[in-house]
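Asker: Quick one: the structure is below, and I'll ask about it shortly.
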Amino acid sequence: MSDQVAHDDVPLTGGRFAGPVRRGQVVLRRSTSATANTAALLQHLEQAGFEQAPRHLGYASDGREQLSYVEGDSALPPYVEAVRGDEALVNVARTIRRFHDAAQSFVAPEPWRSSTLSAAGPTEIDCIGQGDLTPWNMIFRGPAVAAIWETQPSMFTAMTAMRGAPGQPPAT
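Residue numbers for the sequence shown follow the numbering used here, beginning at 1341 and rising by one.
Okay, here's the thing in structure tokens:
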């Protein structure tokens, strides 16, 4: 059976560009122009002790990237109480800080190219970030951030503040 059509693959919500599926404790997603650098970054984060990122496990025979599956809930609207509260917001901020600390010494092995944008990124990057760091690009266990996804070079704290549902009033 090919990696593309395995009957035990479970499509995961989100991931509109990468087509992620879960196979046991492994997530498979399409490789892109950014995959080599993303793999290197995930390995760097692991070596730095950053626990809120999946582990890069290599590549499937069809070229898809293999990542460790992270247990938890994707925060999709309407947001559950645990994700909307102050505790979640504090956890998100602390996770971002730890991510920045861990990524600070990362040097990409190749020039970084966005997998979704046609414009080339800057040649020198002073900050690695998640360009769409919103609740739906995080995995939560209650109010705790279990993982962040889709790391790209950019500044993202303002985007998080603008779009971050934690702290928003409950839906009526």
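The beta carbon of each residue, even a glycine, is placed where N, CA and C say it ideally should be.
Since this is a predicted model, take the numbers as computed values, not measurements.
Are the stretch 1472-1480 and the stretch 1422-1430 touching, with three or more C-beta to C-beta distances below 8 angstroms?
Answerer: At 8 angstroms Cβ cutoff, the stretches touch.
Asker: What's the C-alpha gap between E1405 and V1432?
Answerer: As a first step, residue 1405 must be located in the sequence shown, where it is residue number 65. As a first step, residue 1432 must be located in the sequence shown, where it is residue number 92. When rounded, the distance between both Cα atoms is 26 angstroms.
Asker: Assuming Y1409 and R1369 are in contact, meaning their beta carbons sit under 8 angstroms apart, how far apart are those beta carbons, in whole angstroms?
Answerer: In the sequence shown, counting from the first residue as 1, residue 1409 sits at position 69. In the sequence shown, counting from the first residue as 1, residue 1369 sits at position 29. Incorrect: roughly 11 angstroms between the Cβ atoms, too far for contact.
Asker: Beta-carbon within less than 8 angstroms of A1487's beta-carbon, same chain only, minus the 5 sequence neighbours each way: which residues are those?
Answerer: Residue 1487 sits at position 147 when you count from the first residue of the sequence shown. Excluding positions up to five away in sequence, the list reads Q1392, A1393, P1394, V1410, G1412, M1478 and I1479.
Asker: May I have the straight-line CA-CA distance separating P1351 from T1378, to the nearest angstrom?
Answerer: Your numbering for residue 1351 matches position 11 in the sequence shown. Your numbering for residue 1378 matches position 38 in the sequence shown. Taking the straight line joining both Cα atoms gives about 21 angstroms.
Asker: Cα-Cα, which of W1489, F1439, T1353 and Q1365 is closest to P1417?
Answerer: By 1-based counting over the sequence shown, the position of residue 1417 is 77. Of the listed residues, the one whose Cα sits closest to P1417 is T1353.
Asker: Look at G1403 and S1371 and say whether their C-beta atoms are less than 8 angstroms apart.
Answerer: Taking the sequence shown and counting its residues from 1, the one referred to as residue 1403 is at position 63. Taking the sequence shown and counting its residues from 1, the one referred to as residue 1371 is at position 31. In this structure, S1371 lies closer than 8 angstroms to G1403 by Cβ.
Asker: Compare the beta carbon distance of L1407 and A1442 with 8 angstroms and say whether it is the shorter of the two.
Answerer: By 1-based counting over the sequence shown, the position of residue 1407 is 67. By 1-based counting over the sequence shown, the position of residue 1442 is 102. Result no, Cβ atoms of L1407 and A1442 do not sit closer than 8 angstroms.
Asker: What do you reckon, are the CB atoms on E1450 and A1358 nearer than 8 angstroms?
Answerer: What you label residue 1450 is simply residue 110 of the sequence shown in a count that begins at 1. What you label residue 1358 is simply residue 18 of the sequence shown in a count that begins at 1. Taking 8 angstroms as the Cβ cut-off, E1450 and A1358 do not qualify as a contacting pair.
Asker: Would you tell me roughly how many angstroms separate the C-alpha atoms of F1446 and T1474, rounded to the nearest one?
Answerer: Residue 1446 sits at position 106 when you count from the first residue of the sequence shown. Residue 1474 sits at position 134 when you count from the first residue of the sequence shown. Rounded to the nearest angstrom, the two C-alpha atoms are 23 angstroms apart.
Asker: Who does F1480 pair with in a DSSP beta bridge?
Answerer: The sequence position of residue 1480 within the sequence shown is 140, counting from 1. Paired residue(s): D1413 and V1485.
Asker: Assign V1430 to one of two classes, buried (16 or more other C-beta atoms within 10 Å of its C-beta) or exposed (fewer than that).
Answerer: Within the sequence shown, residue 1430 is the residue found at index 90, counting from 1. Counting Cβ neighbours within 10 Å, V1430 comes out exposed, since fewer than 16 surround it.
Asker: What does the alpha-carbon distance come out to for the pair A1415 and S1401?
Answerer: Taking the first residue of the sequence shown as 1, we reach residue 1415 at position 75. Taking the first residue of the sequence shown as 1, we reach residue 1401 at position 61. C-alpha separation (whole angstroms): 31 angstroms.
Asker: I need the DSSP call for R1370, collapsed to helix, strand or coil.
Answerer: Residue numbering aside, residue 1370 sits at position 30 when the sequence shown is read from its first letter. Residue state, collapsed to three classes: coil.
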